[in-house]
Amino acid sequence: MLLTTLTLQQFRSYTKAAMNFSPFVTVMIGPNTVGKTNIVEAVYFLATGKSFRADRDSETIHWESEIGRIKATGDDMKLEIVLTTGSVGGQSAPLKKYLVNGIPRRQIDFIGNLRAVLFWPEHLELITGSPSLRRKYLDGVLVQVDREYRRNLLSYERGLRQRNKLLDLIGEGKASRAQLVFWNQLLIKAGGYITDKRTEFIGFVNSHELLTMNYQLTYDKSVISESRLEQYKDEEIAAKATLVGPHRDDIIFIKEISDKDIRDKKDKNVSLITSRLSLSSYGSRGEQRLAILWLKLSELAYIQTLTGERPILLLDDIFSELDEEHRELVLNLIGKQQTIITSAEEEILDLLRIKKMSHVEVIHLPPKT
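Using the working numbering, read the sequence shown as starting at 45 and increasing by one per residue.
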């Protein structure tokens, strides 16, 4: 789906805003804190059904408002997400509502109509931050391309909450272990699918050669099975939590370094030795930045491979983070799909002119008054 228009109501810093997008390249220029990332967040929200910044989606609603809206049109389709604080006009209300062409849809049926790949400076936290950020990233990619992944993820998350409540009751002597059987089977089935699809994606990324840097992802998977649940049965009751399963997964960013990088090469008979270093512990900021670029370019290719279509590329103020060589890599991608770029600097337009890019829509966002 190509994005034609975006309308925001009571979303983040915007009480009301509307904008049009080029099917090729749209550049939004404005000072920091003007709300550029809020626009990018809204587009990504439409793609994944969730905010990539907020812990709770209701946090994206404009201050002192009870309801917010994100609307988009494109390809003869209208998408809308209605967000609430849980109470509207004193009445209980669902936290989120999804609509396609004005008709309510389940989240599982809403996601996938619009697909997007996001690249923003804070993605360095994927390397240095908590495992939950990396799991959220994996889900954000896979829900866009696989309806069964969406279904199994929702089933797993709901089942996990119920199983943890039951573990708490068992610990208090208010329920029996036999009651775990149903939830065990549900989590094993849904969790197995999640693990398989995460494995496929990570395998694709590791086989996708775009940069000369030798980056890899190591999948630290937590497989859920009858035997593992049995192994941790006592610890789980003590912890009141399920201790195995994809909610405990992690991915580790690795750089493979041959001895040509770390040893004296005067002796040509020295055999090559490859070291695998964790970027979170040993990578410089520059190496971490390039690893994220590698990941994002791989993600773009992955979505196209599975769907046959290029997703919208969202570049949120990233050019100041890249050196000239790798800025060039990103610029070479821009003309291949609909792209939305944000920047605080007018110089971004000079870069696009140098690349002789046409059909560039420029939106200047005024500073807040």
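Each residue gets a CB set at the ideal place from its N, CA and C atoms; glycine is no exception. A quick note: this is a predicted structure, and the numbers were derived from the prediction, not measured.
Residue i, enclosing beta strand (DSSP E) - first and last residue
i           : result
residue 408 : 404-408
residue 115 : 111-118
Beta-bridge pairing of residue i - partner residues as DSSP gives them
i           : result
residue 163 : 359
residue 414 : With the chain covering 45 to 413 only, the question about residue 414 has no answer from this structure.
residue 387 : 73
residue 320 : 300
residue 490 : Residue coverage of the chain in this structure runs from 45 to 413, which leaves residue 490 outside it and unanswerable.
residue 64  : 49
residue 295 : 263
residue 426 : Since the first residue of the chain shown is 45 and the last is 413, residue 426 is not available in this structure.
Start and end residues, alpha helix (DSSP H) containing residue i
i           : result
residue 330 : 329-351
residue 76  : Neither: residue 76 is in no alpha helix (DSSP H) and is coded neither H nor E.
residue 490 : Beyond the ends of the chain as shown, which are 45 and 413, falls residue 490; an answer cannot be given.
residue 276 : Run containing residue 276: none; DSSP gives neither H nor E here.
residue 47  : Note, residue 47: premise wrong, no alpha helix (DSSP H); not H, not E.
residue 365 : Note, residue 365: premise wrong, no alpha helix (DSSP H); not H, not E.
residue 287 : Premise fails: residue 287 is in no alpha helix (DSSP H) and is neither H nor E.
Same chain, Cβ closer than 8 Å to residue i, five either side skipped, listed in chain order
i           : result
residue 62  : 49, 50, 51 and 52
residue 189 : 156, 159, 346, 347, 350 and 351
residue 217 : none
residue 395 : 363, 371 and 375
residue 151 : 93, 140, 142, 194 and 198
6 Å Cβ shell around residue i - same chain, five flanking residues per side excluded
i           : result
residue 385 : 71 and 359
residue 248 : 346
residue 143 : 124
residue 185 : 343
Residue closest to residue i, alpha-carbon to alpha-carbon, out of the options
i           : options               : result
residue 14  : 251, 380, 226 and 338 : The structure shown does not extend to residue 14, since the chain is modelled only from 45 to 413, so the question has no answer here.
residue 231 : 266, 215, 262 and 214 : 266
residue 246 : 236, 229 and 264      : 264
Residue i at chain D interface by Cβ criterion, 9 Å
i           : result
residue 379 : Protein chain content of the structure displayed is limited to a single chain, and chain D is not contained in it.
7 Å CB neighbourhood of residue i in its chain, flanking five on each side removed
i           : result
residue 399 : 375
residue 90  : 114, 116, 123, 125 and 158
residue 397 : none
| task | Taking only runs that begin and end inside the stretch 227-272, name each unbroken beta strand (DSSP E) of 3 or more residues, in chain order. | result | Secondary structure remark: continuous beta strand (DSSP E) runs of at least 3 residues inside the stretch 227-272, in chain order: 259-264.
| query | Which runs of the beta strand (DSSP E) fall wholly inside the stretch 123-201 and span at least 3 residues, in chain order? | reply | As far as the stretch 123-201 is concerned, its whole beta strand (DSSP E) runs of at least 3 residues are 140-144, 147-149 and 160-163.
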